[in-house]
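97 is the number of the first residue of the sequence shown in the numbering used here; add one for each residue after it.
Beta carbons: idealized from backbone N, C-alpha and C, even for Gly.
For reference, the structure discussed in these notes is given below.
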Amino acid sequence: MRMSDIIEDFIKDLLKEEDELEIQRNELAEHFNCVPSQINYVIATRFKPSQGYYVESKRGGGGHIKIKKINVTKSNLLMHTITSIGNSITAGEVDIFISNFLSYGIIDETQAKLLKVATSDNVLTIPQEIKDEVRANIFKNMLLNLVED
């Protein structure tokens with residue numbers, strides 16, 4: 097197991113006890129015998145609003161970090177994703193969204209497979225320079241159809 101995964105699991109275990117957690121970056125880095133930037137990386141990549149977390153981070157004095165688990169409804173998360181995608185998205189970025197949706201029970205395996213296939217490079221047999229734009233349109237429209245009224 098990678099250090100990033102271990103740190104993520106540790107923080108998530110703490111969040112199971114309470115919906116809000118306040119930690120010191122340096123103390124956490126000492127606990128895991130790593131550099132504070134490793135903690136920053138985990139916080140930035142594993143605890144985003146699209147993953148159901150609100151993070152408040154302050155530099156100095158050991159680096160205070162507050163992480164709050166937010167209750168995100170399926171519709172809210174999908175709409176947030178749709179508005180955050182922009183005009184283009186890579187196949188890799190789509191895969192990350194799909195993985196997050198699966199882990200939070202937003203979509204099931206069948207929906208994940210359909211989203212992945214419909215946005216894959218194999219299906220998009222169009223010039224490379226417009227692939228990411230077309231993929232974004234397809235992905236956003238498919239997500240829009242998953243939003244519950």
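Item                                                                          : Value
Extent of the continuous alpha helix (DSSP H) run through L239                : Q224 to L242
Under 9 Å between C-beta atoms of S180 and Y137                               : no
Collapsed DSSP secondary structure at V138 in the structure displayed         : helix
Alpha-carbon spacing of G188 relative to D204, whole angstroms                : 19 Å
Residue of N167, N122 and E114 minimising C-alpha distance to I161            : N122
Rounded separation between T215 and I202 - CA only                            : 18 Å
6 Å CB neighbourhood of I234 in its chain, flanking five on each side removed : A214 and T215
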